[in-house]
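Report on the following structure.
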Amino acid sequence: MTGPRFFNDIEGAPWTDVLRIKQEKLLAQLAYLAKHSVFYQRKLADSGVDPARIKRLEDLEPLPFTEKTELRASLEAAPPLGHHRAAPMNRVVQIQASSGTTGSPAYIGLTRRDQYVWQEMGARCLYAHGIRPGDVTMHAFSVSRGFVGGLPISQIVLHLGAVEVPIGADAGADRILRVTRDVRPRALLGTPFFAIHLAEQAPRLVDMDARDLGVRIVSVGGEPGGGIPTVREKIERLWDADCRELCGGTDLGCAYWAECETKTGMHETAQEFVYVELIDPETRAVLPWTEGTTGELVYTALDRECSPLVRFRTRDHAVVTGTGACVCGRTAPTIRVFGRTDDMLIVKGINVFPSAVRHIVSGFEPRTTGNLRIVADFPGHTTQRPLKIRVEYGPALAGHGDEIERLRQEVSQRLRGLLNFAPAVEMVPPDTFEKAGVQKVALIVRE
Ligand SMILES: [Zn+2]
Numbered sequence: 007m008t009g010p011r012f013f014n015d016i017e018g019a020p021w022t023d024v025l026r027i028k029q030e031k032l033l034a035q036l037a038y039l040a041k042h043s044v045f046y047q048r049k050l051a052d053s054g055v056d057p058a059r060i061k062r063l064e065d066l067e068p069l070p071f072t073e074k075t076e077l078r079a080s081l082e083a084a085p086p087l088g089h090h091r092a093a094p095m096n097r098v099v100q101i102q103a104s105s106g107t108t109g110s111p112a113y114i115g116l117t118r119r120d121q122y123v124w125q126e127m128g129a130r131c132l133y134a135h136g137i138r139p140g141d142v143t144m145h146a147f148s149v150s151r152g153f154v155g156g157l158p159i160s161q162i163v164l165h166l167g168a169v170e171v172p173i174g175a176d177a178g179a180d181r182i183l184r185v186t187r188d189v190r191p192r193a194l195l196g197t198p199f200f201a202i203h204l205a206e207q208a209p210r211l212v213d214m215d216a217r218d219l220g221v222r223i224v225s226v227g228g229e230p231g232g233g234i235p236t237v238r239e240k241i242e243r244l245w246d247a248d249c250r251e252l253c254g255g256t257d258l259g260c261a262y263w264a265e266c267e268t269k270t271g272m273h274e275t276a277q278e279f280v281y282v283e284l285i286d287p288e289t290r291a292v293l294p295w296t297e298g299t300t301g302e303l304v305y306t307a308l309d310r311e312c313s314p315l316v317r318f319r320t321r322d323h324a325v326v327t328g329t330g331a332c333v334c335g336r337t338a339p340t341i342r343v344f345g346r347t348d349d350m351l352i353v354k355g356i357n358v359f360p361s362a363v364r365h366i367v368s369g370f371e372p373r374t375t376g377n378l379r380i381v382a383d384f385p386g387h388t389t390q391r392p393l394k395i396r397v398e399y400g401p402a403l404a405g406h407g408d409e410i411e412r413l414r415q416e417v418s419q420r421l422r423g424l425l426n427f428a429p430a431v432e433m434v435p436p437d438t439f440e441k442a443g444v445q446k447v448a449l450i451v452r453e
């Protein structure tokens, strides 16, 4: 890899120094909110915590969380950007939609400063993936829906100094592959299952093997997958490329976690912009940043003008995969995000994340296609019965009933053995389910 090791020197600074910077910026941000945010003035007053007594990062703990439902109510009460808007409208230069899994989208306003922060965090991610200034980059996330995979990704590519090719998943696999054949991007950005879909369609649509299209970096995000070894290996094999994962959370930015060359988890790239806490979602207690700890990510923006957030509960669950210096030189801890509380099902008291089920089923490829659906034939998220899972068997098994039955038993055993819940697996023919396209695949179907 050429050029400096990091996009920004702060990525290699001792983590204790970074925490000190976070602390200074937290105090400045709280002072800003006390002056400019009606929402947080009220919220802090209601909680009985005197913001003036907050001197250290740890002092944040008694402060109340900010829940998505509160932001939604705030947006409805004071459109378009809610009572939590802390900058005058004439300084807002961009509005993004948040693709919330439930209900209507939430809207986030950005000032010029906020744009800079989003771009800087995101550029550190793409740089960690090996994308360099001048690299032609195919934009294959959805660009037309107002979500962060669109314009914010374009802005990040430009901020990095790479060459943006803003085609977007919405244009369809055919168009993306034709442009890829014509301009030969070095990097491709998209969701993991769309990256697989593109590679599988290349021979039919542009008469070329995806490996011959010249893409050497596939940056994936937007849904779990890039961190699942079988999915990553499939993408790398299909494209003959290096596949690394990034992630963010719409409300705080576009991307601020990214894997380096070790591919053992995503480094934080929000050093001076976001303070990240890990909490136990049940007790709400703050958890230590030690390897192997799992918890829900909670974010506090440290440098936000328009739509600030304090202790924002994401419902994203992560495991800490590394702390301390990495061989890449980055000092930020690494995490793997393995699911959302919103998607989580509780089967006879056992927490089940759909992405974990997919992880295990894709381990059986090519005997399965990797495509599956979890059938929620119960209201809400909790069931006392075995969980129905429909799994597509691979094309080679068609007509071999005994092999399909053996596979069904193996998949059931492995799910039970590794995830500790009771599955009721049913095998269905290949192509029963819609493949990943522009839309994220909904693994749960309600019946
Ligand atoms: Zn690293």
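In this note's numbering, each residue carries its 1-based index in the sequence shown increased by 6. All C-beta atoms in this analysis are idealised placements derived from N, C-alpha and C, irrespective of residue type, glycine included. All values derive from a computational prediction rather than experimental measurement.
Residue state for residue 418 is assigned as helix, using DSSP reduced to three classes.
Using a Cβ-Cβ distance cut-off of 8 angstroms, the region 212 to 224 and the region 244 to 255 are in contact, since at least three pairs of beta carbons, one from each stretch, lie closer than that value. Distance from the CA of residue 91 to the CA of residue 97, rounded to the nearest whole angstrom, comes to 11 angstroms.
Residue 245 sits in a helix when the DSSP states are folded into three classes.
Beta-carbon to beta-carbon, residue 438 and residue 409 are separated by about 18 angstroms, too far to satisfy the 8 angstroms threshold.
Residue 268 has its CB nearer than 7 angstroms to a heavy atom of ligand 1. In this model, residue 134 and residue 267 are separated by some 8 angstroms (Cα to Cα). The region 11 to 71 contains, as complete alpha helix (DSSP H) runs of 4+ residues, the segments 21 to 42 and 44 to 53 (chain order). DSSP places residue 389 in the strand class (E or B) of the three-state scheme.
For residue 363, the secondary structure class from DSSP, reduced to helix, strand or coil, is helix. With fewer than 16 other CB atoms across the displayed protein chains lying within 10 angstroms of its CB, residue 150 is exposed. Contact between the region 200 to 209 and the region 178 to 186 is established, with three or more Cβ pairs separated by less than 8 angstroms. Residue environment for residue 356: exposed (fewer than 16 other C-beta atoms within 10 angstroms of its C-beta). Residue 342 and residue 411 have their C-alpha atoms spaced approximately 34 angstroms apart.
Contact between the region 288 to 295 and the region 35 to 43 is absent, with fewer than three C-beta pairs closer than 8 angstroms. About 5 angstroms separates the CB atoms of residue 128 and residue 261; that is less than 8 angstroms, so the two are in contact. Relative to ligand 1, residue 273 has its C-beta within less than 7 angstroms of a heavy atom. By the C-beta criterion, the region 188 to 205 is judged to be in contact with the region 142 to 158, since at least 3 inter-stretch pairs fall below 8 angstroms.
Annotation for residue 245: 205, 216, 221 and 224 place their beta carbon closer than 6 angstroms to its own, counting only its chain and skipping 5 residues before and after. Sorting 372, 421, 325 and 401 by C-alpha distance to the C-alpha of residue 366 places 421 at the top. Assignment of residue 262 by DSSP, reduced to helix, strand and coil, places it in the coil class. Excluding its 5 nearest sequence neighbours in each direction, residue 377 has C-beta neighbours in its own chain below 6 angstroms: 398 and 439, listed in chain order. In chain order, 143, 145, 160, 163 and 164 place their CB closer than 8 angstroms to the CB of residue 170, counting only its own chain and leaving out the 5 sequence neighbours on each side.
The three-state reading of DSSP puts residue 394 in strand, counting E and B together. Around the C-beta of residue 214, fewer than 16 other C-beta atoms lie within 10 Å, and the residue is accordingly described as exposed. DSSP places residue 207 outside any beta strand (DSSP E); the residue lies instead in the alpha helix (DSSP H), whose first and last residues are 198 to 212.
Taking a 10 Å sphere around the C-beta of residue 302, we find 16 or more other C-beta atoms and assign the residue as buried. With a threshold of 16 other beta carbon atoms within 10 Å, residue 56 falls short and is exposed.
Buried is the label assigned to residue 323, since at least 16 other Cβ atoms lie within 10 Å of its Cβ. In the three-state reduction of the DSSP assignment, residue 408 falls in the helix class, which pools H, G and I. Membership of residue 175 in any alpha helix (DSSP H) is not indicated, and neither H nor E is assigned to it by DSSP.
Residue 278 places its beta carbon 8 angstroms or farther from that of residue 257.
The three-state secondary structure of residue 161, taken from DSSP, is helix.
With at least 16 other beta carbons inside 10 angstroms of its own, residue 403 counts as buried. In this chain, the alpha helix (DSSP H) harbouring residue 83 covers 74 to 83.
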